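S.K.: If you scroll down you'll find the structure; I have some questions about it.
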Amino acid sequence: MSKNTEPAPVPVPGSYPMNGGDGTYSYTKNSYFQKAGVNAAKTTIHDAIVDKLDIKELFFSASTNNRTIFRIADLGCSVGPNTISTTEGILEVVQHKYQQSQQHLHFSSSKTLEFQVFFNDQVTNDFNTLFTSLPAERPYFAAGVPGSFHGRLFPNSSLHLVHSSYALQWLSKLPEELLDENSAAFNRGRIHYLNASDEVYKAYEAQFAKDMAKFLDARAKELVVGGLVVLTMPSVPDGVPCSRSLMCVLFHLLGSSLMDLAKEGLISEEQVDSFNIPVYAVSPNKMTELIEGNECFSIERMELTKPKSSNDYGQGFQVTGQALSMHLRAGMEVLVTKHFGTAIIDGLFDRLYKKIEELSDQIQPLIYEGGSQLILVLKRK
Ligand SMILES: C[S@@+](CC[C@H](N)C(=O)[O-])C[C@H]1O[C@@H](n2cnc3c(N)ncnc32)[C@H](O)[C@@H]1O
């Protein structure tokens, strides 16, 4: 190999990292939408932990009396401030509840609860940036756990709370029929399922169901009895068409921007036909069916929410066309580059931005439209 040859990127199946580092297009600087989602979910998560986490059962019952470590895992943590603020928020609620339980139970020993937080993501995640941004003085022991949450990540019965936000929508792989020209699910000229055939939608749904079954199987083994799973994920309410989902509309516009590039000869139509975004937004009914199919968890809370106002995004933040296109770029650039190369990236996202601006009147109402995210709290039976 000559000195100037770049090493080929290592392909990691099912891995679609967000843009790393903290530059202009990084996930760290462009995760306002996920942050708004997390903010909108905060009160529900806080209340669910207060109501549903049985500290007495976990720490003060006869069989667990010597336990003093509370283990939290954040699955699909990525980089940036969201994972840190959410896990620290959870930790504060648990700590408060633990101290209250000590007082109520007149627990005499000076047992102090220690926290261990596991930050999980695919091996391609920029863990270095994440570790650098962890506060130096932190009331928990931190560890990175690389690997897919569709498989086992932790020993049996070792976790007390699993959290995951805006990660479960990523499929472990693209359904093969989407790329098969002879299949009714071949997705010609599109990169996602809005305006596609029923077969395309069903292929996405079936892959999500397989992935969720694996996710729940693994977590059922890793959580202690009474442990909680807290999930926040993009959703489309039952009976609502995908055309009312901001996420689906943005993917659709990205697809149409790619088709524009194909018409100009900058890429080929075949390249667009063989590219699909492996992301699926589940409905509450479907999710209920999948959890009940697993049989190891009770559904303690299930709620459709949405960011209520621009306050959820952070002070002074405006949801502009530019912000939406940067948001999509931070999450999709690696995936798009892998397939189409780097040369088209600036032009592609510029085109996307212009399309969003042109359709601004139709897109703005979708930002605050009801039920764009699902919050779930499950308990290990
Ligand atoms: C949109 S980011 C969300 C990050 C963070 N939780 C937040 O709310 O800002 C989604 C993350 O999920 C990760 N992810 C997707 N599939 C995964 C899998 N199978 N196992 C672990 N992480 C995964 C991606 O690599 C990405 O970092």
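Be aware that the sequence shown starts at 299, since it is given in the numbering used here, and climbs by one per residue.
From the three backbone atoms N, C-alpha and C, an ideal C-beta is built for every residue, glycine too.
As the structure is a prediction and not an experimental result, all values here were calculated from the model.
For ligand 1, I want to know if T422 counts as a neighbour, meaning its beta carbon is within less than 8 Å of at least one of the ligand's heavy atoms.
M.R.: Because some heavy atom of ligand 1 lies under 8 Å away, the Cβ of T422 counts as near it: yes.
S.K.: Cβ of G387 within 8 Å of any heavy atom in ligand 1?
M.R.: Flag unset: Cβ of G387 not near ligand 1.
S.K.: What's the C-alpha gap between K395 and I353?
M.R.: Going by the C-alpha atoms only, they are around 7 Å apart.
S.K.: Flag D419 as yes when its Cβ comes closer than 8 Å to any non-hydrogen atom of ligand 1, and as no otherwise.
M.R.: Yes, the Cβ of D419 comes within 8 Å of a heavy atom of ligand 1.
S.K.: Between which two residues does the beta strand (DSSP E) harbouring N426 extend?
M.R.: Element bounds for N426: not the beta strand (DSSP E) but the alpha helix (DSSP H), 425-431.
S.K.: Distance, Cα to Cα, V534 vs Y325?
M.R.: Distance between the alpha carbons of V534 and Y325 is about 24 Å.
S.K.: Look at G619 and S658 and say whether their C-beta atoms are less than 9 Å apart.
M.R.: Contact flag set, yes.
S.K.: Quick check on the DSSP output: the beta strand (DSSP E) that includes G525 runs from which residue to which?
M.R.: That run of the beta strand (DSSP E) goes 521-532.
S.K.: Within the continuous alpha helix (DSSP H) that includes G442, where are the two ends?
M.R.: Unbroken run through G442 is the beta strand (DSSP E), 439-444; no alpha helix (DSSP H).
S.K.: Run through DSSP, which three-state label would L664 get?
M.R.: Correct three-state label for L664: helix.
S.K.: One question on the structure: do F413 and F439 come within less than 9 Å of each other, judged by their Cβ atoms?
M.R.: Result yes, Cβ atoms of F413 and F439 sit closer than 9 Å.
S.K.: For the segment 453-464 against the segment 490-501, are there 3 or more C-beta pairs whose distance is under 8 Å?
M.R.: With a cut-off of 8 Å, the segment 490-501 and the segment 453-464 do not count as touching, because too few Cβ pairs lie within range.
S.K.: For a test of the three-state rule: what should DSSP assign to D372, helix, strand or coil?
M.R.: Reduced to three states, the DSSP call for D372 is strand.
S.K.: Is S481 near ligand 2, with its Cβ less than 8 Å from a heavy atom?
M.R.: As for ligand 2, it is missing from this structure, which binds only ligand 1.
S.K.: Is K333 near ligand 1, in the sense that its beta carbon is under 8 Å from a heavy atom of that ligand?
M.R.: The answer is yes for K333.
S.K.: Using C-beta distances below 7 Å, list every residue in its chain close to A507, excluding the 5 sequence neighbours before and after it, in chain order.
M.R.: The answer, listed in chain order, is L588.
S.K.: Tell me whether N317 is buried or exposed, calling it buried when 16 or more other Cβ atoms sit within 10 Å of its Cβ.
M.R.: Flag for N317 reads buried.
S.K.: Starting from T603 and walking both ways along the beta strand (DSSP E), at which residues does that stretch end?
M.R.: From DSSP, the beta strand (DSSP E) with T603 extends over 595-603.
S.K.: Is the beta carbon of H448 within less than 8 Å of some heavy atom of ligand 1?
M.R.: Under cutoff, so the answer is yes.
S.K.: Is the beta carbon of K636 less than 9 Å from the beta carbon of L526?
M.R.: Going by C-beta atoms, K636 is not nearer than 9 Å to L526.
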